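Count the sequence shown with the numbering used here and you get residues 674 to 1043, in order. Glycine residues also receive a C-beta, built at the ideal position from the N, C-alpha and C atoms. Given the structure is predicted, the values throughout are model-derived calculations rather than measurements. I have placed the structure first, in the form of structure tokens, so that the comments after it can refer back to it.
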Amino acid sequence: MMAETMKVKKNLIGMSREELEAELVGIGEKAFRTKQLWHWIYHQGETDFDKMTSLGKPLREKLKETYSILKPEIVMEQLSEDSTHKWLLKTQDGNEVESVFIPEDGRGALCVSSQVGCTLTCSFCHTGTQKLVRNLTAAEIVGQMMVARDSYNEWPSNGHDRQLTNIVMMGMGEPLYNFEEVKKALKIIMDEEGISLSKRRITLSTSGVVPMIERCGEELGVGLAISLHAVRDDLRDVLVPINKKYPIKELLEACRKYPGANNARRITFEYVMLDGINDSAADAKELARLLKDIPAKINLIPFNKWPGVEYECSSHHTIKQFSEILNERGLSAPIRVPRGRDIMAACGQLKSASEGIRKFSQKKPEQPVA
Ligand code: SAH
Ligand code: SF4
């Protein structure tokens, strides 16, 4: 192979504006070019330097020599009968992650992954059984959004025709265990001269990494969703084991203090409905009591089964009753309509398809991966 092709080119995707500027200055360019290059990458979605006509040929040549604009590679795409769209993506080091687009009446949310697998082991979650875990880089997180926009041909951004109107950090992984990269990625996605998705259209879901919740509100200001799933510590310890470290009381305290939460912008509490485990009338009443002084809304998630799991989903009747008890107490508690079940794209079902056939295995760290 020629030396030329062996050279690893730095990926421009995932760099902050400051980093991009430093690169340009480093190759002898003026700082104002940053804005133009940023616009090409994130507004136009252009990956071919030759087509960045406003940059001038010598600069384009220089960029081509040193940099790449690299998105994750699509390994497989699946379209559900209900139009849910799933991408299995491969990172440069051969790891796999999934993103899911959930369209609804001409708009929709992209469910983005923050890690390969997850270090946490919530007992009802398929991702939590995956052995291989690593943090995704900002490039790989932004890359998911860019791949999805490519599929729906949403470049250059056109506010009215956008279908990908929202992002939910609810894919694989615990986003607050990878806060720095998630933050960097979301800042890029929110930048008004690029993809320009407002923080009001972004929701981050956490299993309850209490020390990071405040920073998430202060530094990102995105909507917060909490995977609560139980109203007692003894049960939550089993369902969402991070509860042993940060019990319900501390978690709710962090929610009360969440910057930006108010009645117009409520915190979502996700509650998975598990038959005979957490779905009694007493549980519903306790849930309403726990949340009474928090600007909250509840999202009841019918449990999505995956091969080998022992839990069952609560009956429709039970879920309805649970929702009514909450409604009577002034809490909005819609039941989430399961989407993409036929392609294993529903909540908590995401897991690398080829994980089981990996030739190597890596021990799962007990702590957040660095
Ligand atoms: N790690 C983060 C975000 C990803 S999971 C978190 O836990 O919040 C997104 C949501 O799906 C969480 O509320 C999670 O608890 C829920 N979930 C996981 N497995 C599920 C399953 N099998 N059925 C329904 N919801 C599930
Ligand atoms: Fe990780 Fe969230 Fe799944 Fe728990 S529910 S194992 S935190 S992805």
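{"Check": "Heavy atoms of ligand 2 versus C-beta positions, residues under 5 Å", "Outcome": "Cys791, Leu793, Cys795, Cys798, Thr800, Gly801, Glu847 and Ser880"}
{"Check": "Three-state secondary structure assigned by DSSP to leucine 693", "Outcome": "helix"}
{"Check": "CB contact flag (valine 895, tyrosine 850, <8 Å)", "Outcome": "no"}
{"Check": "Valine 945 Cβ short of 7 Å to ligand 1 heavy atom set", "Outcome": "yes"}
{"Check": "Glutamine 994: CB within 7 Å of a non-hydrogen atom of ligand 1", "Outcome": "no"}
{"Check": "Where the beta strand (DSSP E) through valine 748 begins and ends", "Outcome": "746-752"}
{"Check": "First through last residue of the alpha helix (DSSP H) which encompasses isoleucine 886", "Outcome": "883-888"}
{"Check": "CB-CB length for alanine 1006 against glycine 1013, believed under 8 Å", "Outcome": "Rounded, the Cβ-Cβ distance is 22 Å, inconsistent with contact."}
{"Check": "Own chain residues within Cβ distance below 8 Å of glutamate 691, not counting five before or after", "Outcome": "none"}
{"Check": "Check whether proline 731 and serine 787 have beta carbons under 8 Å apart", "Outcome": "no"}
{"Check": "Contact test: glycine 839 Cβ vs ligand 1 heavy atom, cutoff 7 Å", "Outcome": "What sits at residue 839 in the sequence shown is asparagine, not glycine. For ligand 1, not one heavy atom lies less than 7 Å from the Cβ of asparagine 839."}
{"Check": "Where the alpha helix (DSSP H) containing tryptophan 711 begins and where it ends", "Outcome": "706-711"}
{"Check": "Euclidean distance between Cα positions of glutamine 817 and asparagine 808", "Outcome": "14 Å"}
{"Check": "Reduced DSSP secondary structure (H/G/I, E/B, other) of isoleucine 875", "Outcome": "strand"}
{"Check": "DSSP three-state assignment for valine 895, whether helix, strand or coil", "Outcome": "coil"}
{"Check": "Per DSSP, cross-strand counterpart(s) of glutamine 788", "Outcome": "Asn808"}
{"Check": "C-beta atoms of leucine 859 and leucine 893 nearer than 8 Å", "Outcome": "yes"}
{"Check": "Heavy atom of ligand 1 within 7 Å of histidine 902 beta-carbon", "Outcome": "yes"}
{"Check": "Distance, arginine 962 Cα to aspartate 956 Cα", "Outcome": "10 Å"}
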